[in-house]
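Counting from -15, one number per residue, gives the positions in the first sequence under our numbering.
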Amino acid sequence: MENRQLAAIFRRIADLLEIQGEVIYKVLAYRKAADSLETLPVEARRYWQEGRLREIPGIGQAIEEKIDEILRTGRLGFLERLESEVPPTLIEWLRVPGLGPKRAGTIWRNLGITTLEELEKAAREGRLRNLPGFGEKTEANILAGLEALQRNRGRIPLGQALPLAERILQVLRAVPGVERAEMAGSLRRMRSTIGDLDLLVASRQPQPVMEAFVRLEGVQRVLAQGETKSSVEFFDGVRAQLWVHPRERFGTAWQYATGSKDHNVRLRERALARGLSLSEHALTRLEDGQEILCAEEEEVYAALGLPWIPPELREDRGEIEAAASGRLPKLIEIAEIQANLHAHTTWSDGRLSVLELARAAQRRGLKVLAITDHSAGLGVAGGLRPEQHQELRREIEAAQRAVGDSLLLLHGAEVEIRADGTLDYPDELLAELDVVIASLHSGLNQPRERVTERLLMAIRNPHVDMIAHPTGRLFPDRPGADLDMEAVLQAAAEHHVALEINAHPSRLDLDDVYARAAAERGVLLSINTDAHREEDFDTLRYGVAVARRAWLTASQVINTWPPQRLLAWLKEHRHP
DNA sequence: GCCGTTTTCGGCCCGACTGTTTTCAGTCG
-15 MENRQLAAIF RRIADLLEIQ GEVIYKVLAY RKAADSLETL PVEARRYWQE GRLREIPGIG
45 QAIEEKIDEI LRTGRLGFLE RLESEVPPTL IEWLRVPGLG PKRAGTIWRN LGITTLEELE
105 KAAREGRLRN LPGFGEKTEA NILAGLEALQ RNRGRIPLGQ ALPLAERILQ VLRAVPGVER
165 AEMAGSLRRM RSTIGDLDLL VASRQPQPVM EAFVRLEGVQ RVLAQGETKS SVEFFDGVRA
225 QLWVHPRERF GTAWQYATGS KDHNVRLRER ALARGLSLSE HALTRLEDGQ EILCAEEEEV
285 YAALGLPWIP PELREDRGEI EAAASGRLPK LIEIAEIQAN LHAHTTWSDG RLSVLELARA
345 AQRRGLKVLA ITDHSAGLGV AGGLRPEQHQ ELRREIEAAQ RAVGDSLLLL HGAEVEIRAD
405 GTLDYPDELL AELDVVIASL HSGLNQPRER VTERLLMAIR NPHVDMIAHP TGRLFPDRPG
465 ADLDMEAVLQ AAAEHHVALE INAHPSRLDL DDVYARAAAE RGVLLSINTD AHREEDFDTL
525 RYGVAVARRA WLTASQVINT WPPQRLLAWL KEHRHP
């Protein structure tokens, strides 16, 4: 978590420098360092203690000195000076679509205003249109951007973006002349939150496709409409953009539109080293300007001496090096999931009875379903008191007889970790349960040491099989506990406790960075829907997406194991 | 500010679209 704080500081520096008009490469260097810190699976403090900060990509002498100052003193003189020169509130302006650092600087220097409120007032009063390089349309654009920002603060969850994109693609595929229509951008990479929807169509006639796109139901504003690219804004502030390319160039176009930016930069560098220039239109030989067209992405990667790289890995987190040396992982696939180990029924806050939930799991082809209702300690969820578990077990046994042996039902519980770190059930009851999940729902704002120690106490309990949604984050408002994740991962590895990747779109917890760090330390992961109703089973794909972004293979995820192996693990890991 | 199988200095990916401009700057991805 400290890494994210460091990253935020350097991002802030980058924004302020950019508004100040600093050369762009210096700005980019700070952003690169921020990205690098954010995706670092180990606390930067560790590197600092060992004097190895410079080994982190994007960190050189200047940024190393700044990290050192921050970790020693808790402050950064450079940032404080910068903030006295450029009002930090201007950073908020950069979130306004259509307003970038240059115009933000121009407005501030000419009008002397610094807040979003003042900016909106100035735009409404027509005071922007006469600034150098501004006009009426620019002013109107900024005003519209301000309104969009208020409707949709920042990014939308994948669980909302993906279904919307699928509906749009259906419409586009019905347009005459459309040969292919696909998702791209962070959607295709399955990031947990999406800035805007990127879509790509292969067609020889862009005109009718663009027409259909800007006329989509719910479109409120057309932001741009050209031959190859258009973008629109929906009534709720969500934005989508569409590229149209001929089919024979679809490979380069799709690769380009999928990103990430950093991944693409690395590919372009690699292309240049081979005497090729890579753009969304083609690979071009530098010596004679000859174009090499790629209809498929595989051809693009092959021309660069690489196997095709799954979109979820395209974040410049080592995937290009892995691909080049034939070490790309065989990523887990949704079809490999056989078990759901975290689900709720009417015994606590679920909507379905044990039998109804079992039938739903069966319809989705699952082989194992654990019934894991809340313990009584989580008052709001109406959890079970210890003595109710005998009755629940009888009901589960009855349901097992009713569904037959194609689905194995397990009797478990999601046990609350209390504020003092003890569990809600006595050890004698935990020992009788098939699956014991421990989780935090309250006291998430405790100081780092305290909340970490609670989780460690739960992990050390010999009856605990898994920690559910470890940080407790809830999108978009709750950031999650300030955990010493390093300590948590180490304890989980030591005590053979699995960590959950909760598939609910508002959780996705662990996230991809931590899940990858966990697997690298030998910790087992478990992808679960935390189902409270039948539709919740459909969220599985989001959990699998996190796992894929975390480079996980099937063997590292216990839900892919055959029932007998899973049962054996549940028994044995408690007394290894 | 970072970085190095053509570099310790001179690069740092490339292009579309819009709007304010008479040839280009700003924004975005």
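For every residue, glycine included, the Cβ atom is placed at its ideal position computed from N, Cα and C.
This structure is a prediction, so every number in the text was calculated from the model and none was measured.
Is residue i helix, strand or coil when you go by DSSP?
i                 : result
phenylalanine 197 : helix
aspartate 436     : Checking the sequence, you will find threonine at residue 436 rather than aspartate. DSSP places threonine 436 in helix when its eight states are reduced to three.
aspartate 468     : coil
histidine 557     : coil
alanine 403       : coil
glycine 396       : strand
lysine 351        : coil
alanine 452       : coil
aspartate 300     : coil
valine 507        : coil
lysine 16         : helix
tryptophan 32     : helix
histidine 373     : helix
Label residue i either buried or exposed according to how many other C-beta atoms from any shown protein chain fall within 10 Å of its C-beta, with 16 as the threshold for buried.
i                 : result
aspartate 389     : exposed
valine 7          : exposed
phenylalanine 219 : exposed
aspartate 404     : exposed
arginine 173      : buried
aspartate 272     : exposed
alanine -2        : buried
tyrosine 9        : exposed
glutamine 540     : buried
alanine 319       : exposed
asparagine 445    : buried
alanine 476       : buried
glutamate 88      : Looking at the sequence itself, residue 88 is alanine, so the reference to glutamate does not match. So alanine 88 ends up on the buried side.
arginine 298      : buried
serine 359        : buried
So, at 7 Å on beta carbons, what are the nonlocal neighbours of residue i in its own chain, with the 5 sequence-adjacent residues on each side left out?
i              : result
alanine 344    : Leu336, Glu518 and Phe521
glutamate 76   : Leu100
leucine 83     : Trp77, Ile126 and Gly129
glutamate 22   : Asn(-13), Arg(-12) and Ala(-9)
isoleucine 542 : Ala482, Leu508, Ser510, Leu550 and Trp553
arginine 111   : Leu95
glycine 44     : Arg38
valine 387     : Ala342, Arg343 and Gln346
glutamate 150  : none
alanine 531    : Ile316, Ile485, Ala499, Leu509, Ile511 and Val541
glutamate 120  : Arg113
Excluding five sequence neighbours on each side, which residues of the same chain lie with their C-beta closer than 6 Å to the C-beta of residue i?
i             : result
arginine 223  : Asp180 and Glu217
aspartate 514 : His326, Asn486 and His488
aspartate 246 : Asp300
glycine 235   : Cys278, Ala279, Glu280, Glu281, Glu283 and Val284
isoleucine 47 : Ala17
histidine 328 : Gly334, Asp357 and His516
proline 85    : Glu2 and Ile3
alanine 584   : There is no way to answer for residue 584, as the model of the chain reaches only from -15 to 560.
Does the beta-carbon distance from residue i to residue j come in below 7 Å?
i              : j             : result
tryptophan 238 : glutamate 281 : yes
leucine 492    : alanine 499   : no
glycine 366    : serine 332    : yes
serine 187     : glycine 161   : yes
valine 352     : leucine 414   : no
arginine 79    : leucine 153   : no
threonine 73   : threonine 90  : no
glycine 456    : leucine 424   : yes
arginine 231   : glutamate 296 : no
glutamate 201  : leucine 184   : no
leucine 407    : valine 419    : no
isoleucine 304 : arginine 258  : no
Report, in whole angstroms, the separation of the C-beta atoms of residue i and residue j, which I expect to be a contact under 8 Å.
i             : j           : result
alanine 501   : leucine 467 : Actually they are not in contact, since the Cβ atoms of alanine 501 and leucine 467 sit about 12 Å apart, beyond 8 Å.
glutamate 264 : alanine 241 : 7 Å
threonine 537 : leucine 315 : 7 Å
serine 214    : valine 203  : Incorrect: roughly 10 Å between the Cβ atoms, too far for contact.
leucine 440   : alanine 471 : 7 Å
threonine 268 : leucine 256 : The pair is not a contact, with the Cβ atoms about 11 Å apart (cut-off 8 Å).
For residue i, I'd like the list of residues in its chain whose CB is within less than 8 Å of its CB, leaving aside the five on either flank, ordered along the chain.
i              : result
isoleucine 54  : Leu(-10), Ile(-7) and Leu60
alanine 589    : Beyond the ends of the chain as shown, which are -15 and 560, falls residue 589; an answer cannot be given.
glutamate 433  : Asp468
asparagine 512 : Asn324, Leu325, His326, Ala327, Ala452, Glu484, Ile485, Asn486, Ala487, Gly527 and Asn543
proline 141    : Ser176, Thr177, Ile178, Phe459, Pro460, Pro489 and Ser490
arginine -4    : Leu63, Pro72 and Ile75
Is residue i near the ligand MG, with its Cβ less than 6 Å from a heavy atom?
i          : result
valine 159 : This structure simply doesn't include the ligand MG, nor any ligand for that matter.
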